[in-house]
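Mapping of the first sequence onto our numbering: position 169 corresponds to residue 538, and the numbering continues sequentially without gaps. Just so it is clear, CB atoms sit at the ideal spot from N, CA and C, and this is done for glycine as well. The structure displayed is predicted, hence computed values, not measured ones. Just below is one structure, and these are the notes that go with it.
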Amino acid sequence: MADYPYINQTTFSSAYQALVRAGPHLKQLQQVHAHLITSGAHRSLSLLTKLAILACSSHSSISYARKISLSIPNPDSYFFNSLIRITSKAKFGLVYDAIFFYQRMLFFFVSPSNYTFTSLIKCCADVSALKLGKSVHTHALVNGFCLDSFVQASLVAFYSKCGELGIARKVFDKMPERSVVAWNTMISGYEQNGYCKNAVELYNLMINSGFNPDSTTFVGVLSACAQLGALELGSLVHDYVNNHRIEVTVNLGTSLINMYAKCGNVRKAREVFDSMRDKNVVTWTTMISGYGIHGYGKEAMEIFRLMKCYGPSPNEITFVAILSACAHAGMVNEGRAIFSSMRDDCRMAAQIEHHVCMVDLLGRAGLLIEAYNYAKELKRPSPAIWTAMIGACKMHKNLDLGVEAAEKLLAIEPDNPGHYVMLSNVYALAGKMERVEKIRNVMIKKRLKKHVGYSTIEVEQRTHMFSMGDKSHPDTPAIYLYLDDLMRRISEVGYVSAQDSVLHELEEEEREYALRYHIVKNLRMCEDCHLAIKFISKITNREILVRDKLRFHHFKDGFCSCGDYW
DNA sequence: CTAGGGTTAG
């Protein structure tokens, strides 16, 4: 909209410059606003719009933007769309401010556009506001924007973010024309909600339908491969990227490193890492954590050292990764030094995650008392602090401390079934079976269900899943036959079940041993499986790689890379 | 002026 003619160009430009200089800061903006009024420049809609946009981009002055929107006599669609868009880009969840501006827009009979709805829907997605988003969806429908490809893509992202993959897919399927962004959104929507097989399936559909993927597509499907432990498929995707001369962006390269590391091929991960010209803090962190989950503490330290010399500054997550790498490798002194340097050299305050790493580092190394005191001195211990402590107590068979830690854990989170399982495991180790029984009854009374354990294995690019007592796989008879044979053979060479049956029943650990060498599990491995696989690696003369919830175990010749500490 | 990626302990 044109400005009123009686604001001359000089007044306009100097006022505009003043606004730009003020930036998003409330005090300065108010000063300029006062100046606008005294000079008559407040009659310019463009200037007031600029003022409101600036106010919108800072958390502290957003309410000022609301006031401006209330006092302005002649707002237009650019005014409202700008405010809603800026609000949707803010990182502090201003969904109600966006809705507020939208309502003002309707109040002034200003018609919303597809821009309006993409921004509003993004706001709802950012805070997973399902109900609100659904009503925005309805408004988009009523206003005739539901066939707009941008609005549809934002709806797919929104429903995915809310975990409503069914609805997301429905919107996606109804799209008359699917942009590459829509495909990517749907693929990563599946992947981020753990539906990795669906993500891979959709990726295949995309390729087979002749759509051109871009680097973001691969980031999504590689994350899915990483979670599935699907090395063959991940490698094929990498080949596709190379053969089609797709640009390996920082994100794509990082995703490749993550995939190879999580799928057990840490050498290949390093190869990709070394080949990348541009690396950022996430790339470095991914490489460190890649070594960490394999128990390669020295290599993780080496990357960390290189990072300090030649790379970007580490962030909080980098420290979590390196501390955890130290913990898994038993590098106590190195871990302590890094923890101190985090504060002294990098001026970062330790967060609860870092404290968890320290408890884990000390506890794993057998310094149980020190770990326990460390945990007790924390002002706000999280459940994870005590989980780490209990893990250490179980590992080093310190029952008294274990019970104490487990009770602290239950006091914080009384309804988490996993915690009851941990406590009962501690009691079972102490042979206090009446306590075990009691906990089982509490769990039944509280209707708490344990997480079901499962294992997956990739054979010829297809991922097969097995869980306790599950006979759905078409080759079940043959698998069990082989399994029985394996169990018989390892018993002959000295395998004896490591724990009594009470523990098994409580942990509900599956007893499936897959036939090839790369297995992924959703829970941690139990001692019995660990022992059995050691024997299996010996009699079958195979190297077996198992990724449990936290790390890798490399079994070879009857030994495991974790050194029996995990 | 619109929609979509990568890292985190237990």
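Helix, strand or coil at residue i according to DSSP, with G and I counted as helix
i	result
LYS890	strand
MET544	coil
GLU827	strand
ARG749	coil
MET837	coil
PHE381	helix
PRO374	Note that PRO374 has pLDDT 45, beneath the 50 cutoff, so the model's placement of it is unreliable and no number is given.
ASN611	helix
ASP853	helix
THR585	helix
MET700	coil
THR756	helix
ILE441	coil
PHE904	helix
GLN720	coil
HIS842	coil
LYS862	With the sequence shown as reference, residue 862 is identified as Val, and Lys is not the correct amino acid for it. DSSP places VAL862 in coil when its eight states are reduced to three.
CYS632	coil
LEU414	helix
PRO681	coil
LEU516	coil
GLU570	helix
GLU877	For GLU877, the pLDDT reaches just 38, beneath the cut-off of 50, and the residue's location in the model is therefore unreliable, leaving the point undetermined.
ARG538	helix
SER870	Residue confidence is low: SER870 scores 37 on pLDDT, short of 50, so the model does not pin down where it sits. No coordinate-derived value is stated.
VAL479	coil
GLY598	coil
MET555	helix
Contact check, residue i vs residue j, beta carbons under 7 Å
i	j	result
PHE904	ILE859	yes
GLU560	ALA551	no
GLY589	SER557	yes
ILE657	ALA690	yes
ALA410	ALA384	yes
GLY666	CYS695	yes
LEU768	LEU737	no
VAL540	LEU524	yes
ILE441	LEU417	yes
ALA421	ILE437	yes
THR487	PHE448	no
ILE332	SER584	Residue numbering for the chain in the displayed model covers 370 to 935; residue 332 lies beyond these limits and cannot be assessed.
THR832	ALA638	no
ALA744	VAL728	yes
TYR528	ALA522	no
SER1001	GLY661	One cannot answer for residue 1001 here, as it falls past the ends of the chain, which runs 370 to 935.
LEU914	GLY462	no
SER457	LYS419	no
GLY704	LEU730	yes
PRO393	SER426	yes
SER430	LEU405	no
VAL772	ALA753	no
ASN553	LEU534	no
PHE688	HIS723	yes
LYS807	PRO786	no
HIS663	PHE928	no
According to DSSP, residues forming a beta bridge with residue i
i	result
CYS929	PHE924
ASN832	The sequence given here places Thr at residue 832; Asn does not occur at that position. Its beta-bridge partners are GLU827.
Neighbourhood of residue i by C-beta distance below 6 Å, restricted to the same chain and skipping five residues each side
i	result
ASN450	TYR484 and THR485
TRP755	ALA774, LYS777 and LEU778
MET628	LEU591, CYS594, ALA595 and GLY603
VAL650	PRO681 and ASN684
ASP869	Model confidence at ASP869 stands at a pLDDT of 45, short of 50, so the residue's coordinates are unreliable and nothing is read from them.
LYS530	ALA494 and SER497
LEU884	Residue placement at LEU884 cannot be trusted, given a pLDDT of 35 that sits under 50; what the coordinates show is reported in the next sentence. Closer than 6 Å at the Cβ level, and outside the excluded window around LEU884, lies no residue.
MET370	Note on MET370: pLDDT 43, under 50, position unreliable in the model; the coordinate value appears next. These residues qualify, in order along the chain: LEU414 and ASP445.
LEU499	CYS531
Sequence-distant residues of its chain with Cβ nearer than 7 Å to residue i (five each side left out)
i	result
GLU879	Because GLU879 sits at a pLDDT of 37, beneath the cut-off of 50, its placement in the model cannot be relied upon, and the following sentence gives the value as read from the coordinates. Hits under 7 Å: GLY822, TYR823, SER824, PHE835, SER836 and MET837.
HIS506	LEU524
ALA669	ILE657, TYR660, GLY661, ILE691 and ALA694
Close Cβ partners of residue i (< 8 Å) along its chain, the five nearest in sequence each way excluded
i	result
GLN720	GLU685
GLU782	PRO752 and HIS788
request  = Please confirm if the region 796 to 809 is in contact with the region 744 to 761, defined as three or more CB-CB distances below 8 Å between the two stretches.
outcome  = no
inquiry  = When you compare the region 801 to 816 with the region 827 to 836, are there three or more beta-carbon pairs, one atom per stretch, that lie closer than 8 Å?
reply    = As far as the Cβ criterion goes, the region 801 to 816 does not touch the region 827 to 836, which means the pair count is below three.
ask   = On the three-pair Cβ rule with 8 Å, is the region 606 to 623 touching the region 834 to 854?
value = Touching, no.
At least 3 beta-carbon pairs within less than 8 Å: the region 570 to 581 vs the region 889 to 897 = Contact between the region 570 to 581 and the region 889 to 897 is absent, because fewer than three Cβ pairs lie under 8 Å.
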